[in-house]
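There are 2 protein chains.
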Amino acid sequence: MSEDPKIVSQKTIFKAKLFEVKELKIERAGKQVVHHTAQRHPTVSVFPLSDDYELYLVSQYRYMLGKRTIEAMAGFVNKGEAPLAAAKRELEEETGLTASHWDELTEIELAASVFKAESTLFLAKGLIQGVQKQDEGEDIVVNKIKLDDVVNKVLRGEINHSATVIGILFLDKLRREGKL
Amino acid sequence: MSEDPKIVSQKTIFKAKLFEVKELKIERAGKQVVHHTAQRHPTVSVFPLSDDYELYLVSQYRYMLGKRTIEAMAGFVNKGEAPLAAAKRELEEETGLTASHWDELTEIELAASVFKAESTLFLAKGLIQGVQKQDEGEDIVVNKIKLDDVVNKVLRGEINHSATVIGILFLDKLRREGKL
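Listed below in structure tokens is the structure:
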């Protein structure tokens, strides 16, 4: 087998608020090629589950997709912030909830070559309702839906946001195995 | 509730081989804001399953992640090509396999705001081995792994590529329900 390809050099050629486009010079099998990637800052996705196995999800209009979606609440991890701290902050901002029990479900890479974007998925249990701090004008609706119904929405393709699908299928799997 | 935000205008400000950066002008609650997104061409991901419930996955070194990953075989949909045709082409190119039975598992959006990238996931069954056409120099290894072992790799976080995780958890769910 040939040697693994490696990044010889890289430079940022475009910087948006939430991602950067990088030009990578790659050495593969003795040859150099140029590859462009877009790298997004890391995010967290939060799956708050009530004692009655109801999941809190958010619904909002996504203009890029041209439709209202159902998604896990998610947000960017601030520089220097631990993913768990970001998850706690995000949950409280979006719903006013705090949780006594947190578990990392998994860490995913949304893609592997053209785009780079990682998200850490957290389960939040032992929920306590506080005061919702959502920004005015934010058109985000929080719904509480039975886990079984949410799983069916995934299987029917009504929920197709990748991190959301993954978290829901993890919860379903854990529940069937008596680990939730 | 306020009106849904809408895209007033958009222009491409950077064009790479496999994605574009677009500058969108968004109208939200009477105000205009500028939002940059990176939009990748659509892909297909293929999950070829043997009669013995073994899944074909590919392993390759991903320099952007700095490690060798296990992923579903995937590829870009050519302009004008149907996703199913792209899936058949991709399967044959990567493995030399053809399949007598195809099912669409689901269609996912990798993200919802900053990045746009959709992938259609296909199950391929009734596999027949032909001749592998993989390009010389491609450092891609095809592995056949028992579905149960693959599911455990997902749960342990050893597989964390999002489309791959989703396909595997779909297959696990369908198998438990006797639908696979």
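In order, the protein sequences belong to chains F and R. Per my numbering, the first sequence starts with residue 178, numbered consecutively. Per my numbering, the second sequence starts with residue 178, numbered consecutively. Think of the CB as a built atom: it goes at the ideal place given N, C-alpha and C, for glycine as much as any other residue.
Just verifying my parser: in three-state terms, what is the DSSP assignment at Ile285 of chain R?
strand
Please list the segments of the alpha helix (DSSP H) lying wholly inside the stretch 227 to 279 of chain F, counting only runs of 4 or more residues, in order along the chain.
260 to 272
Under 8 Å (Cβ pairs) to chain F, residues found in the stretch 290 to 311 of chain R
So the close ones are Ser290, Val291, Phe292, Lys293 and Ala294.
Pick helix, strand or coil for Val327 of chain F, following the three-state DSSP scheme.
helix
Who are the Cβ neighbours of Asp280 of chain F in its own chain at under 6 Å, not counting the five residues just before and after it?
Leu300
According to DSSP, is Arg205 of chain F helix, strand or coil?
In this structure, Arg205 of chain F counts as strand in the three-state DSSP scheme.
What does the Cβ neighbour count give for Glu267 of chain F, buried or exposed, with the cut at 16 atoms within 10 Å?
buried
Which first and last residues belong to the alpha helix (DSSP H) in which Ile343 of chain F is found?
Run containing Ile343 of chain F: Ser339 to Arg353, per the alpha helix (DSSP H) assignment.
Identity of the residue in R:Ala276, R:Val328 and R:Gly257 nearest Lys265 of chain R by Cα
R:Ala276
Less than 8 Å between the CB atoms is what I'm expecting for Gly344 of chain F and Phe224 of chain F, so what's the real figure, rounded?
Going by Cβ atoms, the distance from Gly344 of chain F to Phe224 of chain F rounds to 5 Å, so yes, they are a contact pair.
Phe224 of chain R at chain F interface by Cβ criterion, 8 Å
No, Phe224 of chain R does not count as interfacial toward chain F.
Please list the partners that Gly334 of chain F has in chain C, where partner means a Cβ-to-Cβ separation under 8 Å.
Reference to chain C is not applicable here, since the protein chains of this structure are F and R.
By the three-class DSSP mapping on this structure, what secondary structure does Leu332 of chain F have?
Correct three-state label for Leu332 of chain F: helix.
Taking a Cβ distance cut-off of 8 Å, strictly less, list which residues of the stretch 189 to 205 of chain R are near chain F, in chain order.
Ile190, Phe191, Ala193, Lys194, Leu195, Phe196, Val198, Leu201, Ile203 and Arg205
Under a CB-based cut-off of 8 Å, is Arg352 of chain R close to chain F?
Taking Cβ atoms only, chain F never reaches closer than 8 Å to Arg352 of chain R, which makes this a no.
Would you please state the rounded distance, in angstroms, between the beta carbons of Lys330 of chain F and Ile247 of chain F? I believe it to be under 8 Å.
7 Å
Thinking just about the alpha-carbon of each residue, which of R:Leu357, R:Glu270, R:Ser296 and R:Pro182 is nearest to the one in Lys208 of chain R?
R:Pro182
Report the residues of the stretch 240 to 265 of chain R with a CB closer than 7 Å to any CB of chain F, ordered along the chain.
Tyr240, Met241, Leu242, Thr246 and Glu248
Who are the neighbours of Asn337 of chain R on chain F, taking C-beta pairs under 8 Å?
Thr283, Glu284, Ile285 and Glu286
Local conformation of Lys183 of chain R per DSSP, three classes
strand
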